[in-house]
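Protein chains in written order, with the numbering used here: chain F, 45 to 248; chain D, 45 to 248.
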DNA sequence: TAGATTGTTAATCGATTAACAATC
DNA sequence: TAGATTGTTAATCGATTAACAATC
């Protein structure tokens, strides 16, 4: 069954909470989760229901089982290989963000146009020149590109990624990318987040 | 009139598009914007309508006026001062992201617990020890904290921010923060983004 | 049992899409 | 005028909230 983006996002937040519960807490209620995230408790139950059979009347949800169900449903275990394209500050920050691996995102290499960076390693990930993208895309079995190049290079680099038949582009640049319909683009719009955050009382 | 988060987010994307149109393009149609973002064209018109009176039948929207209307409505011009708390890779990346200033987000200083960083400057922003947070919050007129500390320090640092009566916390850590209701928290959930992105065909 | 909590339905609310008259 | 595009209404769709019976 299809799970909507909003539900996926909330399930990932529930997982953060479960992740930090001590061993001694065996059960957690929808009321407790709802309170921590300031959402409606029946929404929490409904979200969890989409994972299948998890809860126990009167006691709540088994923390370990619930965590496991979220991990299975959201695919934390099936790892996906990804490239970071743009080894600047943001690209390096993401390369050093080891939590990604726990959620199934495995960063295998990085690309940059700066010759002084090519051949170096950032948190163990090798940095290559972009001209080798096609070759290395085939070698590493990666279909995700995390785009962290400067705004003005964004489209040109995207063309290279598209040419190499990358399937997913996670776009951290404030540039609207042009790409064929079969390439899935996710705009990580930090500016938009900031504006929502400070202009509005809704939560994310 | 209140504008919903989804509309704010799309308006910021429209702004990116307008920002990159050459001087020669005086007008743009809702159909063109819709095509670039793969959204519905009547949604674009409705979103723009929430800005007030902008369009011209037959010719489309005046690019300059539309840009200006988005900037006014979303408050790009009223700058807000912010601190980055955590001068690691991600904090430094955000400190170097000069585009923020164009959208009204002015980063005035950074905080870290690492003594070797305290006293240094990152992209011109001074780095202070966290024990000076309260003092400097009053000095700089800042009510936003961008939280980029390691996950395990997140709650402890949040307590300091709350104590100093910060109003907005932009949380980049994968930790659910506990804070009083009058502190507004925005979770920038990168893990959640990744999961939505790769599990689902909806767009963001 | 009494009480707490889930699962689920129905009601409400808001967002998206489709359609088309009005406009220039 | 003819044609393109906005503005706006109505229809549809989906998400949230409220309520409560079922359960242990």
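Even glycine gets a Cβ: it sits at the ideal position worked out from N, Cα and C.
Values in this document were obtained by computation on a predicted structure and should not be read as measured data.
_Interface flag, residue 75 of chain F vs chain D, CB-CB below 9 Å_ = Output row for residue 75 of chain F: interface = no.
*Could you check the C-alpha separation between residue 126 of chain D and residue 222 of chain D for me, to the nearest Å?*
20 Å
*Mind pulling the alpha helix (DSSP H) runs of 4 or more residues that sit fully within the stretch 111–144 of chain F?*
133–139
*In or out: residue 240 of chain F buried (at least 16 other Cβ within 10 Å) or exposed?*
Buried.
*What residues in the stretch 188–219 of chain D have a beta carbon less than 8 Å from any beta carbon of chain F?*
188, 195, 212, 214, 218, 219
*If residue 98 of chain F and residue 82 of chain F are in contact, beta carbons under 8 Å, what's the gap, nearest whole angstrom?*
Here residue 98 of chain F is actually not in contact with residue 82 of chain F; their C-beta atoms are around 22 Å apart, not less than 8 Å.
*Whose CA, out of D:72, D:155, D:136, lies closest to the CA of residue 103 of chain D?*
D:72
*Measuring CA to CA, which of D:152, D:178, D:231 is closest to residue 171 of chain D?*
Of the listed residues, the one whose Cα sits closest to residue 171 of chain D is D:152.
*Bridge partners of residue 83 of chain F, per DSSP?*
Note: residue 83 of chain F sits in no beta bridge, so no partner.
*Any residues in the stretch 119–143 of chain F with a beta carbon nearer than 7 Å to a beta carbon of chain D? Which ones, in chain order?*
119, 124, 133, 134, 136, 137, 140, 143
*DSSP bridge partner residues for residue 191 of chain D (one or two, in chain order)*: Looking at the DSSP output, residue 191 of chain D sits in a beta bridge with D:129, D:215.
*Alpha carbon to alpha carbon, how far is residue 190 of chain D from residue 230 of chain D? Give it in angstroms, no decimals.*
10 Å
*Any C-beta of chain D under 9 Å from that of residue 87 of chain F*: no
*Confirm the yes/no value for this check: CB of residue 56 of chain F, any heavy atom of the ligand ZN, distance under 8 Å.*
With respect to the ligand ZN, the structure offers nothing, as it holds no ligand at all.
*asked:* Relative to the C-alpha of residue 68 of chain D, which candidate in D:76, D:61, D:107, D:118 has its C-alpha closest?
replied: D:107
*Determine the extent of the alpha helix (DSSP H) in which residue 236 of chain F is found, giving its start and end residues.*
Looking at the DSSP string, the run of the alpha helix (DSSP H) that includes residue 236 of chain F is 234–243.
_Under 7 Å by beta carbon: chain F residues contacting residue 94 of chain D_ = Chain F residues near residue 94 of chain D: none, gap ~12 Å exceeds 7 Å.
*Whose C-beta lies closer than 6 Å to the C-beta of residue 181 of chain D among residues of the same chain, with five residues either side of it excluded?*
So the qualifying residues of the chain are 208.
*Beta carbon proximity, residue 72 of chain F to chain D, threshold 9 Å*: no
_Complete runs of the beta strand (DSSP E) confined to the stretch 56–106 of chain F [at least 3 residues]_ = 104–106
_residue 49 of chain F: contacting residues in chain D (beta-carbon distance under 8 Å)_ = 240, 244, 246, 248
*Rounded to a whole number of angstroms, what is the C-alpha to C-alpha distance between residue 119 of chain D and residue 131 of chain F?*
32 Å
*In three-state DSSP terms, what is residue 248 of chain F?*
In the structure shown, residue 248 of chain F sits in coil (DSSP, three-state: anything other than H, G, I, E or B).
*Interface positions of the stretch 220–237 of chain F facing chain D (Cβ-Cβ less than 9 Å), listed along the chain*: 220, 222, 225, 228, 229, 230, 231, 232, 233, 234, 235, 236, 237
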